[in-house]
Amino acid sequence: MSVLLALVTLVLVGWTAWLRFGPASRPEPPAIGLALPPLRLLDLETAEPLVSP
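This is the structure in structure tokens:
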């Protein structure tokens, strides 16, 4: 019985880690006629925005 509980715990911990650190979900492409998301261009050296809002 304890082996089963340890296995369930291990699976749940692994699943939680995958949800936290796994690949991010892809954003949906914008639909026709909707406003575009903000364009965020960053300077490679300073990481500051190149385009101010």
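Numbering-wise, the numbering used here comes out as the position in the sequence shown, counting from 1, plus 175. Where is the CB? At the ideal position from N, CA and C, for every residue including glycine.
### Task
Look at the Cβ atom of L211, then the Cβ atom of P205, and state whether they are nearer than 8 Å.
Taking the first residue of the sequence shown as position 1, residue 211 is located at position 36. Taking the first residue of the sequence shown as position 1, residue 205 is located at position 30. Yes, these two residues count as a Cβ contact at 8 Å.
### Task
Using a threshold of 8 Å, state whether the C-beta atoms of L216 and L209 are closer than that.
Against the sequence shown, residue 216 aligns to sequence position 41. Against the sequence shown, residue 209 aligns to sequence position 34. No; because the gap between Cβ atoms is not below 8 Å, this pair is not in contact.
### Query
Is L216 helix, strand or coil when you go by DSSP?
For the purposes of this step, residue 216 is taken as residue 41 along the sequence shown, with counting starting at 1. Coil, per DSSP.
### Task
Grab the span of the alpha helix (DSSP H) containing A181 for me, first residue to last.
For this step, residue 181 is matched to residue 6 along the sequence shown. Segment 177-196, the alpha helix (DSSP H) holding A181.
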